[in-house]
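Engineer:
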Amino acid sequence: MRLLNVVLVLLFCLAPIAGAHATEWQCGAGGQAGSVDTLNGINTSQPWETQQLMPPVAVDRLLAPDFSGQPLRLSDIAFVPQVEAAALRWLARASQAPVDIGPPMSMTDYLDRVPVRLRSHDNGAPMVWQEALLSQGLAMLMPETPDDLSSLIAAEDTAISNEIGMWQDHQTDTAYYVVADSSNTRLWRRTGLADVEDAIGRFVVVDAVLVSVEHQEWRSYLNFGQDWRRDFTIAMGADLRDVLAEPDGNLDAWINRKVRVRGVVENRGGPYIALQNINWLCVEAQ
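Structure below.
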């Protein structure tokens with residue numbers, strides 16, 4: 116009975132935080148993974164397994180000796196220095212009870228880790244670790260698998276909207292959430308947000324309202340201002356464009372809608388992101 120009480124308290128403490136209403140996003144192309152560097156898909160032939168993890172010593176390296184003989188990491192998320200210590204404490208608490216390890220990716224990553232999903236469970240609904248960490252602002256969404264990411268997208272957006280965890284930081288040189296054209300009052304309901312121009316050279320999440328679309332043979336440009344030489348721009352290759360766009364290749368339906376993208380901001384006359392993964396681009400649902 117004492118062990119059951121401990122587990123119940125643990126799950127309550129680790130449950131995702133309920134937040135304010137978040138934006139509904141349409142991301143990627145129906146959950147497809149279209150990155151040029153995306154790992155291979157989930158090995159669906161292997162079911163979820165219940166295992167005991169060892170106490171973690173790093174957020175990006177988990178060990179379950181009886182599972183695969185290789186280190187594990189949580190798929191579809193990344194940890195950042197500002198909240199890494201808090202995330203490690205979360206993982207240490209969650210690792211005290213046995214967990215379900217989801218079907219692994221069919222290939223290991225460059226550090227020979229197996230990307231997996233993890234969930235804790237009791238008599239109630241299972242808690243997916245990725246979703247819980249995102250909802251508390253202890254991780255950033257980094258889609259890489261062909262899984263349905265809708266719950267993860269919603270969890271991160273709630274944390275961003277409520278300025279939880281890593282999303283509390285609005286300093287120009289360290290913020291992971293920035294905006295373009297912050298004078299747009301329809302989009303920005305908060306003040307003091309960092310501008311995309313301050314994030315050049317860093318990996319960030321950017322929100323902006325699309326102004327125009329320009330197509331060339333091998334790529335397309337999403338422009339977020341009247342002057343593409345100065346304002347924020349997203350570039351995507353024809354391969355990603357053709358998957359994202361309607362059958363006729365038209366992205367004009369996105370104009371005047373809020374777009375969210377993640378990537379490294381470059382300086383090419385103005386702030387610029389070259390889209391690397393189809394699921395790193397989202398548009399506000401109509």
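Numbering (this note's numbering), first residue to last: 116 to 401. A virtual CB, placed ideally from N, CA and C, is assigned to each residue, including glycine.
1. Going by beta-carbon coordinates alone, are R228 and Q166 separated by less than 8 Å?
2. So what does Q141 bridge to, in DSSP terms?
3. Quick one: is E259 buried, meaning 16 or more other Cβ sit within 10 Å of its Cβ, or exposed?
4. Looking only at its chain, what residues have a beta carbon closer than 6 Å to the beta carbon of C142, apart from the 5 residues adjacent to it on each side?
5. Going by other Cβ atoms of all chains shown within 10 Å of its Cβ, with 16 needed for buried, is T287 buried or exposed?
6. Give me whichever residues DSSP pairs with Q197 in a beta bridge.
7. If we call anything under 8 Å between Cβ atoms a contact, is L203 one with I216?
8. Between the Cα of D191 and those of P171, S210, V231, Y292, spot the shortest distance and give me the residue it belongs to.
9. Is the number of C-beta pairs between the stretch 267 to 285 and the stretch 328 to 345 that are closer than 8 Å three or more?
10. Please look up how many angstroms separate the CB atoms of V319 and V380, rounded, as I've assumed it's under 8 Å.
11. Mapping DSSP to helix, strand and coil, what is Q185?
12. Look at the alpha carbon of Q401 and the alpha carbon of S265, and state the distance between them as a whole number of angstroms.
13. Starting from M351, follow its DSSP beta bridges and name the residues at the other end.
14. Tell me whether V311 sits in a helix, a strand or coil according to DSSP, three-state version.
15. Could you tell me which of W333, D322, E332 sits nearest to G340, measuring between CA atoms?
16. Residues bridged to L256 by DSSP?
17. Any idea which residues DSSP pairs N382 with across the strands?
18. Just mark A209 as buried or exposed, buried being the case when its beta carbon has 16 or more other beta carbons within 10 Å.
19. Assuming I349 and V376 are in contact, meaning their beta carbons sit under 8 Å apart, how far apart are those beta carbons, in whole angstroms?
20. What's the C-alpha gap between A290 and H236?
21. Between W140, D224, A212, L256, which lies nearest to M242 when the distance is taken from Cα to Cα?
22. Considering only the alpha carbon of each residue, which of R372, G378, Y387 lies closest to E139?
23. Go ahead and label E246 buried or exposed: buried means 16 or more other beta carbons lie within 10 angstroms of its beta carbon, across all protein chains shown.
24. Taking the DSSP output, what are the residues bridged to D322?
25. What residue ranges within the stretch 199 to 247 form continuous beta strand (DSSP E) runs of no fewer than 3 residues, ordered along the chain?
26. If you count every other CB in all the chains shown that lies within 10 Å of the CB of D152, and 16 or more means buried, which is it?
27. If you draw a straight line from the C-alpha of T223 to the C-alpha of D342, how long is it?
Structural biologist: Reading from the atomic positions:
1. no
2. V398
3. buried
4. I268, N394, C397
5. exposed
6. Note: Q197 sits in no beta bridge, so no partner.
7. no
8. V231
9. no
10. 6 Å
11. coil
12. 16 Å
13. S335
14. helix
15. D322
16. I192
17. P386
18. buried
19. 5 Å
20. 34 Å
21. A212
22. R372
23. buried
24. V294, R375
25. 214 to 216, 229 to 231, 233 to 235
26. A caution first: D152 carries a pLDDT of 38, below 50, which makes its placement in the model unreliable, though a value can still be read off. Looking at its Cβ environment, which holds fewer than 16 other Cβ atoms inside 10 Å, D152 is exposed.
27. 43 Å
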